[in-house]
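Novice:
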Amino acid sequence: MEKRGISASNKGGDDEGRTILVSGVPTDFRLEAIQSYFENKSRSNGGPIKGIPERIQYSGEVTITFELEKDAENVVQRKVHNISKFDFRVNWYKNLVWQEDAMIVSNGPKDMSEKMLIDYLEKTRKLDIVYVSPGRKPGTFLVYCQKEIDFEYVQRMCQKNPLNGNQLKVVRIEEINSVRVKNVSSNVSSEILKSYFGDRERSSGGDISSVQQQTSDTYIVSFKEAYGK
Numbered sequence: 032m033e034k035r036g037i038s039a040s041n042k043g044g045d046d047e048g049r050t051i052l053v054s055g056v057p058t059d060f061r062l063e064a065i066q067s068y069f070e071n072k073s074r075s076n077g078g079p080i081k082g083i084p085e086r087i088q089y090s091g092e093v094t095i096t097f098e099l100e101k102d103a104e105n106v107v108q109r110k111v112h113n114i115s116k117f118d119f120r121v122n123w124y125k126n127l128v129w130q131e132d133a134m135i136v137s138n139g140p141k142d143m144s145e146k147m148l149i150d151y152l153e154k155t156r157k158l159d160i161v162y163v164s165p166g167r168k169p170g171t172f173l174v175y176c177q178k179e180i181d182f183e184y185v186q187r188m189c190q191k192n193p194l195n196g197n198q199l200k201v202v203r204i205e206e207i208n209s210v211r212v213k214n215v216s217s218n219v220s221s222e223i224l225k226s227y228f229g230d231r232e233r234s235s236g237g238d239i240s241s242v243q244q245q246t247s248d249t250y251i252v253s254f255k256e257a258y259g260k
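If you count the sequence shown from 1, you need to add 31 to reach this note's numbering.
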């Protein structure tokens with residue numbers, strides 16, 4: 032089943048339309064350098080910033096609120112910004128909910144196996160891996176752990192201890208509240224799907240908010256809370 036992420040609006044209140052999210056920021060990267068860059072219109076198309084950049088704990092991401100909406104829009108339009116030889120992706124900030132026990136690990140060796148990755152992560156004795164799934168791109172895996180992940184610790188470990196010469200990258204995963212169900216038989220109705228996915232014991236699901244048919248054999252099942260909670 033293919034999962035869809037939670038939809039979220041831009042940061043609300045007076046800061047709506049003026050707050051951006053900068054991704055891929057190393058934990059030791061100076062926030063002053065980020066602020067100086069985005070306040071420099073000739074370098075970033077930005078402008079005056081409200082307050083100071085704020086680092087989102089354990090995520091490698093920074094939020095910035097501009098004084099003017101136009102400056103924020105100009106910055107977001109460029110998508111990728113280079114600061115001190117680092118490429119950072121920029122998008123609108125969204126109030127997201129993150130899975131605390133899951134992460135995407137990328138930039139591994141092309142021949143990296145599940146066992147190789149598990150051995151690397153569990154040697155710290157701080158991670159108890161319960162599930163690993165390879166991604167489409169070689170060297171990329173989805174990892175689920177038994178307990179909450181100390182993302183800041185994992186990021187430091189990856190920076191200090193390359194795996195076969197590759198510095199692994201760790202990205203958090205947004206909670207999901209919908210799943211796409213494919214190849215549904217014609218004799219299976221939306222009510223049957225609602226009954227199945229609403230039964231925690233049978234599907235690990237929960238309370239259903241809606242079941243929408245996309246095509247003749249594809250449905251979107253949405254939950255009132257994040258799927259699997």
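Every residue gets a Cβ at the ideal spot worked out from N, C-alpha and C, and that includes glycine.
Note that this is a predicted model, so its numbers are computed, not measured.
Does the Cβ-Cβ distance between glycine 170 and lysine 141 come in under 7 Å?
Specialist: On the sequence shown, residue 170 is found 139 positions in, with the first residue counted as 1. On the sequence shown, residue 141 is found 110 positions in, with the first residue counted as 1. Taking 7 Å as the Cβ cut-off, glycine 170 and lysine 141 qualify as a contacting pair.
Novice: Which class does lysine 192 belong to by DSSP, given the choice of helix, strand or coil?
Specialist: Position 161 of the sequence shown, counted from the first residue, corresponds to residue 192. In the sequence as presented, lysine is not what sits at residue 192; that position holds asparagine. Note: asparagine 192 maps to coil in three-state DSSP.
Novice: Buried or exposed: which applies to threonine 50, given that a residue is buried once 16 or more other Cβ atoms fall within 10 Å of its Cβ?
Specialist: Translated into the one-based positions of the sequence shown, residue 50 becomes position 19. Answer is buried; the Cβ neighbour count reaches 16.
Novice: Whose C-alpha, out of His112, Tyr124, Asn214, Gly48, is nearest the C-alpha of glutamate 85?
Specialist: Taking the first residue of the sequence shown as position 1, residue 85 is located at position 54. Selected option, being the one with the closest Cα: Tyr124.
Novice: Which ranges does the beta strand (DSSP E) cover as unbroken runs of at least 3 residues, wholly within the stretch 150-198, from first to last along the chain?
Specialist: DSSP runs (the beta strand (DSSP E)) wholly in the stretch 150-198: 160-165, 172-176.
Novice: Taking the straight line between their C-alpha atoms, what separation do you get for aspartate 102 and leucine 224?
Specialist: As a first step, residue 102 must be located in the sequence shown, where it is residue number 71. As a first step, residue 224 must be located in the sequence shown, where it is residue number 193. Each residue's Cα considered, the two are about 46 Å apart.
Novice: With a threshold of 7 Å on Cβ separation, who are the neighbours of glycine 196 within its own chain once the five nearest residues in sequence on each side are excluded?
Specialist: By one-based count along the sequence shown, residue 196 stands at place 165. Nothing listed; no residue qualifies.
Novice: Mapping the DSSP letters down to three states, classify glutamate 85 as helix, strand or coil.
Specialist: Locating residue 85 in the sequence shown gives position 54, counting from the first residue. Glutamate 85: strand per DSSP, three-state reduction.
Novice: Give the secondary structure of lysine 260 by DSSP, where H, G and I count as helix, E and B as strand, and everything else as coil.
Specialist: The residue you call residue 260 lines up with position 229 of the sequence shown. Model confidence at lysine 260 stands at a pLDDT of 46, short of 50, so the residue's coordinates are unreliable; what they give is reported in the following sentence. Residue state, collapsed to three classes: coil.
Novice: Tell me which residue opens and which closes the beta strand (DSSP E) that asparagine 138 is part of.
Specialist: If you number the sequence shown from 1, residue 138 lands on position 107. Here asparagine 138 belongs to no beta strand (DSSP E), and DSSP marks it neither H nor E.
Novice: Should valine 111 and valine 56 be called a contact, given that it needs their Cβ atoms to be closer than 7 Å?
Specialist: Along the sequence shown, read from residue 1 onward, the residue named residue 111 stands at position 80. Along the sequence shown, read from residue 1 onward, the residue named residue 56 stands at position 25. For valine 111 and valine 56, no; Cβs fall outside 7 Å.
Novice: Would you decide whether tyrosine 162 is buried or exposed? Buried here means 16 or more other CB atoms lie within 10 Å of its CB.
Specialist: Position 131 of the sequence shown, counting from 1, holds the residue named residue 162. It is exposed - the Cβ of tyrosine 162 has fewer than 16 other Cβ atoms within 10 Å.
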